[in-house]
Amino acid sequence: MSENDQSQGPAEQAAAGSCCGVSSCCSDTEQSLDPAVTVIEAKTGAGCGCVDDTDSGDLPVVVIGAGPVGLAAAAHLAERGLDFVVLEAGEAAGAAISEWGHVRLFSPWRYDTDAAARRLLEPTGWTLPDPEALPTGAELVRDYLAPLAQLPELAGRIRTGTRVIAVARRGIDVTRTVGRDQQPLLVRTVGPDGAVTDLTARAVIDASGTWGRSNPLGHSGLPAPGEDQAAPYLTGPLPDVLGRDRDRFAGKHTLVVGMGHSAANTLLALAELAKTAPGTRITWAVRSASVARLYGGGDADGLPARGALGTRLKAAVEGGEIELVRSFTITGFTSPDAGPAAGPVKVVGVTPDGERAIETDAVVAATGFRPDLDMLREVRVELDPATEAPVRLAPMIDPNFHSCGTVPPHGERDLAHPETGFYLVGMKSYGRAPTFLMATGYEQVRSVVAALAGDRAAADAVELDLPETGVCSTNLITEDQLPGAAAGDGCGTSCGTEPAEAPAAVAAAEAGGGSCCGGSAPEPVSIGIGAPAGLGFATGRVHGHSGDAERGDS
C-alpha cells in the first residue's frame, strides 16, 4: 500500500477497494458504500455492467390486494408516474369488505379515504360523503372504492380474479445471496381460468390483508380436535344475521366465540333476530374471566358508536337475552357423521368448574385473524416471532402493551425487509395484532411509494392525522368480574363525548383494512418523524393484554 493509501480514512480505503459503489462486487459480502442506497441502486447509478437494465426501473410495482390500502398505494403510484399493476383475488375491488358490507364502521368518512385517492377522484365530480357519517362496508365500496377503481389511472391496471400464491426472486431461491438484488421480484399468480402466470416486478407491496385467515377456536393457537370436521357448523366472523344469512340462525341455537367487536356485532344482531324468530337462542363463550374490555367505556368512549355497542351488549347479557359463559377454553368438537342435518355439534370446553359441553346449531368464530405467510417463504422477510409483524414495527403495535391509540407514526424504514423492494402494508403488516388503523395504512403506502420514487425526504416525513383519543381512552366497566377477580382501579376519561345512539350494526376491527379509531367531533393530531420515541396517543391507562392482567380483567 502506498503512503497515500495509508493516509486515507476507512471510507476512502473502502472506496479504493471497491467498484460500482459497492464493496466486494458480485460476492456474498457485497455492500453498498452509501448506507442510504441499496446495492442495486448503487450499481445502477454507477453503470455497473453486471446489472441488467431491463430488470430494474422498466418493471412495474406489483400491489397485492385491491382493498382500501392497496388502492391507496395504486393512487400514490399513479400520482408519482410509476408503472404498477394491482392483483385482486376477488371479483372486484373491495371484495373482502363486501363480505361484511352489512356492518357499519366505527370511524367516520373523514378517516376512511386516502389523500391521493381523493385528489384523483375529485376532478371527476366525486365528493366525500358527510365527513362525520359512519359508512357501512357496502357504502365504503360503493361510494369510494368502486369509483376509485374505475378511474382511468387505475382501471386498466387492476386484475381481478387473480390470486397471488407466491412471491420470490426470479431464478433464485431464498437461500441464494450472490446477485440477489440484481434479479427482479417474481409474483406467481393463478388467474380466473386456473392458469398460472409469473410476473416480474421492481417492487412488491403486499396489501392482501388477513380476511379469510381466521384464528382457530382451540386453545394455544391451535385448532381443537374435531374442529376441521365441524366446519359445516362454523360461520365467518361477521355473518349477515338479519339479512342473507337469516335462515341459518332463525329459531336455532348459536354459539358466538370471541371477545372483539366482531363478536359484539353478531351477538346484538342475534338478539334482534330473537325478537321476531321464536326459538332463537344465543350463547356467548369467552376465555377471559371478564368482558369489561369489550363493554368499554359506554357514553365516555371516544367513538360514540363503539361505546353504545358495549353498553347495549352489557344490557343484553344482564337482561338474559344472551347467555355468557366465561373462562371457557374449547378442547374439542363432536359432530354427527351426517353433519347439520343430523343435529347439533357438541362444543366441549373446560371452565374453572370443570368440563362443560355446549350443543349448538351454529358456531360464529369471531376469534381474530392471522396473516398468510406461506406465500412469502421464498422472500427474505424479517418478522417478529410473536406478532408476525415487521421487526421494527412490532414493538409499536404489540397487543401485550399497546392499543391502536398508542401506536406511533411509522413509514417505509419501519416496514422494509432484508428483501429489497418488498413491503407488507395495511392489516397484514400488523400480523396478529388486532390494532390496525385504516388511516395508518394510508400513511404507510404514502411513505413506501415516496421511497420507491426516490423521494427520501417525503418517505421519512411520516405524519398521522388521527383522532385525539385512542381506543383505550375510556374508563372500563370493571364491575364485570367473576367473584374473586381484582377490580380495576379506573382512571377517568380523556374525551367526554356526548351519548350517541348506535347504528343497527357497528363495525368490529373493520376486518380487511378497517379503522378502530375515530370520533364524533375529534381534533386531528399530527405526529411527525421527529416525535419522541414511543410517542403515541396518551390515554392514562396501561394498554394491551398486560394492562388487562394488571387490572384483573384479562
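Take the sequence shown: its letters are residues 3 to 556, numbered as in our numbering. Think of the CB as a built atom: it goes at the ideal place given N, C-alpha and C, for glycine as much as any other residue.
Inset, instruction - Kindly identify the DSSP beta-bridge partner or partners of Val288. - result: Partner(s): none; Val288 has no beta bridge.
Inset, instruction - Would you give the residue range spanned by the alpha helix (DSSP H) that Asp416 belongs to? - result: The continuous alpha helix (DSSP H) containing Asp416 extends over residues 414-417.
Inset, instruction - Below 8 Å CB to CB, which residues in the same chain sit around Ala205 once its five sequence neighbours on both sides are set aside? - result: Val63, Val64, Leu187, Gly423, Phe424, Tyr425, Leu454
Inset, instruction - In the DSSP assignment, find the unbroken beta strand (DSSP E) run with Ala203 in it and report its ends. - result: 198-203
Legend entry - Contained beta strand (DSSP E) runs [length at least 3] in the region 349-395, N- to C-terminal order: 356-362, 364-367
Inset, instruction - Output yes or no for whether 8 Å exceeds the beta carbon distance between Leu326 and Val365. - result: no
Legend entry - Cut-off 7 Å between Cβ atoms - residues of its own chain near Val352, not counting five sequence neighbours on either side: Thr331, Thr333
Legend entry - Coil, strand or helix - Glu101 by DSSP: coil
Legend entry - Contact check, Glu384 vs His419, beta carbons under 8 Å: yes
Inset, instruction - Please look up how many angstroms separate the CB atoms of Gly140 and Gly163, rounded, as I've assumed it's under 8 Å. - result: Before going further, note that residue 140 is Ala rather than Gly in the sequence given. The Cβ separation is near 20 Å, so there is no contact.
Inset, instruction - Tell me whether Asp208 sits in a helix, a strand or coil according to DSSP, three-state version. - result: strand
Inset, instruction - With distances taken Cα to Cα, identify the nearest neighbour of Lys430 among Phe371, Leu153, Met398. - result: Phe371
Inset, instruction - Buried or exposed for Glu90, please, with buried defined as at least 16 other CB atoms from any protein chain shown within 10 angstroms of its CB. - result: buried
Legend entry - Whole alpha helix (DSSP H) elements within the region 127-159, 4-residue minimum: 139-142, 148-151, 154-157
Inset, instruction - Quick one: measure Cβ to Cβ for Gly413 and Ala459, integer angstroms, because I've assumed they're closer than 8 Å. - result: 12 Å between Cβ atoms; not a contact.
Inset, instruction - Starting from Ile332, follow its DSSP beta bridges and name the residues at the other end. - result: Under DSSP, Ile332 forms a beta bridge with Gly351.
Legend entry - Range covered by the alpha helix (DSSP H) that runs through Val176: That residue, Val176, is in no alpha helix (DSSP H); it is neither H nor E in DSSP.
Legend entry - Limits of the unbroken beta strand (DSSP E) element including Pro108: According to the sequence displayed, residue 108 carries Phe and not Pro. Careful: Phe108 lies outside any beta strand (DSSP E) and carries neither H nor E.
Inset, instruction - Pull up the DSSP beta-bridge partners for Ala170, would you. - result: Leu188
Inset, instruction - State the beta-bridge partners of Glu325 as determined by DSSP. - result: Thr285
Legend entry - Reference Met440, options Arg161, Asp208, Asp116, Gln231, closest by Cα: Closest option to Met440, Cα to Cα, is Asp116.
Legend entry - Lys254 to Lys316 span [Cα, whole Å]: Near 22 Å, if we compare the C-alpha coordinates of Lys316 and Lys254.
Legend entry - Spatial distance of Ile529 from Thr442 (CA atoms): The predicted model places Ile529 with a pLDDT of 29, which falls under 50 and marks its position as unreliable; any figure quoted below should be read in that light. About 12 Å.
Legend entry - Cβ neighbours of Glu361 in the same chain (closer than 6 Å, five flanking residues each side left out): So the list reads Pro346, Lys348, once near-sequence residues are dropped.
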